[in-house]
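**Q**
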Amino acid sequence: MLLRSAPRCPTLPFLNTRRVISILLAAAVTAAALWFYASQPKAAPRRATVVPIGDGKTAGVPAAAPRVDTVVPIEDGKTLDFSNGSAVVKDSAADKAAVAAAVKDMDAASKDVSFPANAPPKK
């Protein structure tokens, strides 16, 4: 018998067999989950790839070095293309036309938009 309480014992009357088994089962499941989590292999660091920039230069680090976030300079009139997973600076006539059309659409959409001034706070 598992933890049978003695007659008239005030300290163990609440520990009946069902409660003890459920507590031990919960502790075993928790211990198994923690052991499983702790025994997982650590992830290897990601490797960076070489990021080409529009004029043939490269920004970034060789593929064998640890990943470092690269900074791509933003230049007026040029676009950044992320379609292949890395930043590529483009400067073509089609991109310039698309940017000009988008700016024209934004200006047309926002010409009638106004925001009222905030009322002064009451003291």
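Residue numbering for the sequence shown follows the numbering used here, beginning at 1331 and increasing consecutively.
Every residue gets a Cβ at the ideal spot worked out from N, C-alpha and C, and that includes glycine.
Bear in mind the structure is a predicted one, so any value in this text is a computation, not a measurement.
CB-CB under 7 Å to Lys1408, same chain, minus the five flanking residues each way: which ones, in chain order?
**A** For this step, residue 1408 is matched to residue 78 along the sequence shown. If we look at Lys1408 and ignore the five residues flanking it on each side, its Cβ neighbours are Val1419, Lys1420, Asp1421.
**Q** Tell me the DSSP secondary structure of Thr1347 in three-state form.
**A** In the sequence shown, the residue the question calls residue 1347 occupies position 17. Three-state DSSP puts Thr1347 in a helix.
**Q** How many angstroms separate the CA atom of Lys1426 from the CA atom of Phe1412?
**A** Against the sequence shown, residue 1426 aligns to sequence position 96. Against the sequence shown, residue 1412 aligns to sequence position 82. In a straight line, the C-alpha of Lys1426 is about 17 Å away from that of Phe1412.
**Q** Look at the alpha carbon of Ser1416 and the alpha carbon of Ala1431, and state the distance between them as a whole number of angstroms.
**A** Taking the first residue of the sequence shown as 1, we reach residue 1416 at position 86. Taking the first residue of the sequence shown as 1, we reach residue 1431 at position 101. Approximately 25 Å, taken between the alpha carbons.
**Q** I need the boundaries of the alpha helix (DSSP H) containing Asp1435, first residue and last residue.
**A** If you number the sequence shown from 1, residue 1435 lands on position 105. Its alpha helix (DSSP H) spans residues 1423 to 1440.
**Q** Going by other Cβ atoms of all chains shown within 10 Å of its Cβ, with 16 needed for buried, is Ala1424 buried or exposed?
**A** By 1-based counting over the sequence shown, the position of residue 1424 is 94. Exposed, because fewer than 16 other Cβ atoms sit within 10 Å of the Cβ of Ala1424.
**Q** Out of curiosity, what's the CA-to-CA distance linking Val1350 and Phe1366?
**A** The residue labelled residue 1350 in the question sits at position 20 within the sequence shown. The residue labelled residue 1366 in the question sits at position 36 within the sequence shown. Computed Cα separation, rounded: 24 Å.
**Q** Given this structure, state the Cα-to-Cα distance separating Lys1453 from Ala1439, to the nearest angstrom.
**A** The residue labelled residue 1453 in the question sits at position 123 within the sequence shown. The residue labelled residue 1439 in the question sits at position 109 within the sequence shown. When rounded, the distance between both Cα atoms is 38 Å.
**Q** Distance, Cα to Cα, Leu1410 vs Thr1400?
**A** Here residue 1410 refers to the residue found at position 80 when the sequence shown is read from its first residue. Here residue 1400 refers to the residue found at position 70 when the sequence shown is read from its first residue. Looking at the two C-alpha atoms, the distance is approximately 14 Å.
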